[in-house]
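Numbering (the UniProt record's numbering) for the sequence shown: 1 to 507. Since the structure comes first, as structure tokens, the remarks are kept for the end.
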Amino acid sequence: MFSRRLFLTSASAALWVPASARASAYPFTLGVASGSPREDGIVLWTRLAPEPLKGGGMSGPAEVRWRLCEDERMTKVVRQGVVMTGDDVGHSVHIVLSGLQSGRDYFYQFHYADADSPIGRTRTASRTATTAKLAHASCQSYESGYFTAYKDMAEWMPDCVIHVGDYIYEGGIGTLGTRMRDIGKGRRQAFETVRLHNSAEIVTLWDYRNRYALYKMDPHLQAAHAAAPWIVAMDDHEVDNNWAGDTPQDPYAQTMLEFRVRKLAAFQAYWEHMPIEKPPVLEGLKSTLQMYGRYRFGPAEVNLLDTRQFRDDQACGDNRKPPCTALLDPKRTLTGAAQEDWLLKGINRCEALFTVLASQTWFGSFRYNGAPDAPERNLDQWDGYPVQRQRLIDALAAGKARPIVLSGDWHCSAVMSLHRDPYEAKTPRIGHEFAGTSIASACPWARDMKDALSQNPHVHHYNGDQRGYVRHTVTRDNWSAEYRVVADAGIETSPVRTDITFDTKEA
Ligand SMILES: [Fe+2]
Numbered sequence: 001m002f003s004r005r006l007f008l009t010s011a012s013a014a015l016w017v018p019a020s021a022r023a024s025a026y027p028f029t030l031g032v033a034s035g036s037p038r039e040d041g042i043v044l045w046t047r048l049a050p051e052p053l054k055g056g057g058m059s060g061p062a063e064v065r066w067r068l069c070e071d072e073r074m075t076k077v078v079r080q081g082v083v084m085t086g087d088d089v090g091h092s093v094h095i096v097l098s099g100l101q102s103g104r105d106y107f108y109q110f111h112y113a114d115a116d117s118p119i120g121r122t123r124t125a126s127r128t129a130t131t132a133k134l135a136h137a138s139c140q141s142y143e144s145g146y147f148t149a150y151k152d153m154a155e156w157m158p159d160c161v162i163h164v165g166d167y168i169y170e171g172g173i174g175t176l177g178t179r180m181r182d183i184g185k186g187r188r189q190a191f192e193t194v195r196l197h198n199s200a201e202i203v204t205l206w207d208y209r210n211r212y213a214l215y216k217m218d219p220h221l222q223a224a225h226a227a228a229p230w231i232v233a234m235d236d237h238e239v240d241n242n243w244a245g246d247t248p249q250d251p252y253a254q255t256m257l258e259f260r261v262r263k264l265a266a267f268q269a270y271w272e273h274m275p276i277e278k279p280p281v282l283e284g285l286k287s288t289l290q291m292y293g294r295y296r297f298g299p300a301e302v303n304l305l306d307t308r309q310f311r312d313d314q315a316c317g318d319n320r321k322p323p324c325t326a327l328l329d330p331k332r333t334l335t336g337a338a339q340e341d342w343l344l345k346g347i348n349r350c351e352a353l354f355t356v357l358a359s360q361t362w363f364g365s366f367r368y369n370g371a372p373d374a375p376e377r378n379l380d381q382w383d384g385y386p387v388q389r390q391r392l393i394d395a396l397a398a399g400k401a402r403p404i405v406l407s408g409d410w411h412c413s414a415v416m417s418l419h420r421d422p423y424e425a426k427t428p429r430i431g432h433e434f435a436g437t438s439i440a441s442a443c444p445w446a447r448d449m450k451d452a453l454s455q456n457p458h459v460h461h462y463n464g465d466q467r468g469y470v471r472h473t474v475t476r477d478n479w480s481a482e483y484r485v486v487a488d489a490g491i492e493t494s495p496v497r498t499d500i501t502f503d504t505k506e507a
């Protein structure tokens, strides 16, 4: 068992750092990470950034040594090497390893000059494991709350963390303190800003690098990365709120060309800060980043989706609206044709007991009022792409594995049953969706949703008031989702407790 003492200390303290590294120009200020676990491989990550909020503070080529060991004391070396990094990748390091044993822990560390990085624990994927521990998180607005949930997650030491997006927020600097905001229907609610962003809204590669650095300097986020491998896919705020394909949130304020350049900067910075396998590809002015992928954790096969990069623009306008006829165009897609084809083949061929869609946005339907003919729905989510969703529901219902959806985006916890007709809870249930709340982001629509619960009988649990994450324990006959919530995300030392545990075998 990995001793957490090695890299975790008290609630507010940083990672364990060896004495030799406590120099003023310590380069591993952003910690370490691992991810994209395969049955025989893993990606190890770090970035040299002695001045993390000023572009990193490195210049020219740099030689980084790394070691992968069987033991937490770093004595039994399995692999080691030296890699060059430089300005073109923000002095980030990605080590893509293969040929490892499946389903086992490894420990890793980087070295630069006389500085040693923190030690990270990682774990390869496994086809044969009988159980899996998966943590699932999203939406970590730095200004809205502390990342206390990650301290709790690191202590659980999952096999893998599934992050479904909004790892950073692109907005500018707020105002510290509590302010009242109009939340509609004449109601007002208090929102807190507990700490501040480091710049105006981010647009350039320099901006994005410094924003990632700000977030990644958080000790609890670093602890969660050092405790387990992550699989990650961005949602909207890693680029621009509610962007879709090549369309920004506000096409009247940024040209298509400006947005394409911005998107490339955002993708490049994402690659430089995440333990993913491949950098973005630029063809002409069109950038793409491979984020969707399939991962196996014993009884669960996880299809990590990318529901932002290849989607058609939101129909009928953004946000919550009654549906319009454009929604029913069968060509409208949230994933793009290639990803849908890949997903359908995966669902059909799945040999695991559970087939999992890890989606940024909610898959199940939610009506925000009782209007009988045209209820208001969130058209940025799968509710805005109903024809494609039905194709996936049909495939999930026909498959042998039990369907599970993990989702984020909407800053509230919800346990939902998924039905053959997603608008009708009386139709056969095909599986369950676990929508995670946010690590830190606020939920201004929580009251509206609570008021509408009677219109949504497929929602079995709802909590829009607390921040946190979900612990999933998967066995051969049960998917157990334990919702961990932070008492008050505005207090860094706030306690974390279990809100509910939902067992599918009892549902
Ligand atoms: Fe979010």
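Note that beta-carbon positions come from the ideal geometry of N, C-alpha and C, so glycine has one too. Bear in mind the structure is a predicted one, so any value in this text is a computation, not a measurement.
Nearest candidate by alpha-carbon position, reference residue i, set the options
| i | options | result |
| --- | --- | --- |
| E482 | S36, A374, A435 | A435 |
| G172 | H237, T124, E155 | H237 |
| Y108 | Y295, Q268, P372, V77 | V77 |
| V64 | A113, A398, S98, G31 | A113 |
| R121 | H225, R367, D306, T75 | H225 |
| G184 | G370, R447, E340, Q455 | R447 |
| E492 | R73, K151, R38 | K151 |
| F297 | H220, S59, I231, A507 | I231 |
| A190 | H197, H461, A352, R181 | R181 |
| G335 | D341, F310, A326 | Per the sequence shown, the amino acid found at residue 335 is Thr instead of Gly. Residue F310 is the option with its Cα nearest to T335. |
| G346 | A401, G370, D383 | A401 |
| T131 | S407, L353, G431 | L353 |
| D409 | A338, C69, D306, D341 | D306 |
| L40 | S102, P219, R391 | One detail in the question is off: residue 40 reads as Asp in this sequence, not Leu. Answer by Cα proximity: S102. |
| T193 | D451, E201, G174, I202 | G174 |
| G99 | M157, R38, P61 | R38 |
| R195 | V496, S59, A489 | A489 |
| A338 | N456, C443, M291 | M291 |
| A228 | K133, P428, I404 | K133 |
| H273 | N242, G56, D373, D159 | G56 |
| N456 | A200, E283, A414, M74 | A414 |
Rounded distance between the beta-carbons of residue j and residue i, thought under 8 angstroms
| i | j | result |
| --- | --- | --- |
| A233 | V164 | 6 angstroms |
| A276 | S36 | Here the sequence assigns Ile to residue 276, which means Ala is not the residue at that position. The Cβ separation is near 6 angstroms, so the contact holds. |
| T85 | M217 | So it is not a contact: roughly 19 angstroms between Cβ atoms. |
| P323 | A371 | Incorrect: roughly 11 angstroms between the Cβ atoms, too far for contact. |
| I439 | P403 | That pair is no contact at about 25 angstroms. |
| W382 | W362 | 6 angstroms |
Local Cβ density within 10 Å of residue i, reported as buried at 16 or more and exposed below that
| i | result |
| --- | --- |
| L257 | exposed |
| R211 | buried |
| D421 | exposed |
| V387 | exposed |
| I500 | exposed |
| L176 | exposed |
| N348 | exposed |
| E155 | exposed |
| residue 509 | With the chain represented from 1 up to 507, any question about residue 509 goes unanswered, as that position is not in the structure. |
| S407 | buried |
| R123 | buried |
| S126 | buried |
| R262 | buried |
| S59 | exposed |
| D87 | exposed |
Own chain partners of residue i with C-beta closer than 7 angstroms, once the 5 adjacent residues on each side are dropped
| i | result |
| --- | --- |
| K505 | D477, N478 |
| H458 | G364, M416, S417, H419, A425 |
| T247 | D313 |
| L453 | V459, Y462 |
| Q268 | L205, P280 |
| Y270 | M234, E238, L289 |
| D380 | N242, Q314, D318, N319, T361 |
Residues near residue i by beta carbon distance below 6 angstroms, same chain, minus five either side
| i | result |
| --- | --- |
| Q466 | V485 |
| R320 | Y368, E376, N378 |
| L221 | F147, Y150 |
| R332 | D312, Y385 |
| A21 | Only weak support exists for where A21 lies, its pLDDT of 42 falling under 50; the value from the coordinates is given anyway. A115, D116, listed in sequence order. |
| P27 | L48, P50, Y112, A115 |
| G293 | L304 |
| residue 582 | Any property of residue 582 remains undetermined from this structure, which presents the chain solely from 1 to 507. |
| R67 | V77, Q80, Q109 |
| D159 | R123, A132, K133, F297 |
Same chain only: Cβ atoms within 8 angstroms of residue i, ignoring 5 sequence neighbours per side
| i | result |
| --- | --- |
| S480 | H472, T473, V474, T501, F502, D503, T504 |
| S441 | C139, Q140, S141, S144, G145, D166, Y169, H411, R467 |
| H197 | Y142, E143, Y169, G171, G172, I173, G174, R211, L214 |
| P265 | The amino acid occupying residue 265 in the given sequence is Ala; Pro does not appear at that position. V203, T204, L205, D207, Y208. |
Would you check if there are 3 or more beta carbon pairs closer than 8 angstroms linking the stretch 341 to 360 to the stretch 292 to 310?
yes
Contact between the stretch 136 to 154 and the stretch 39 to 51 is defined here as three or more beta-carbon pairs at a separation below 8 angstroms; is this criterion met?
no
State whether the stretch 113 to 129 contacts the stretch 86 to 95, with contact taken as three or more CB pairs (one from each stretch) at a distance under 8 angstroms.
no
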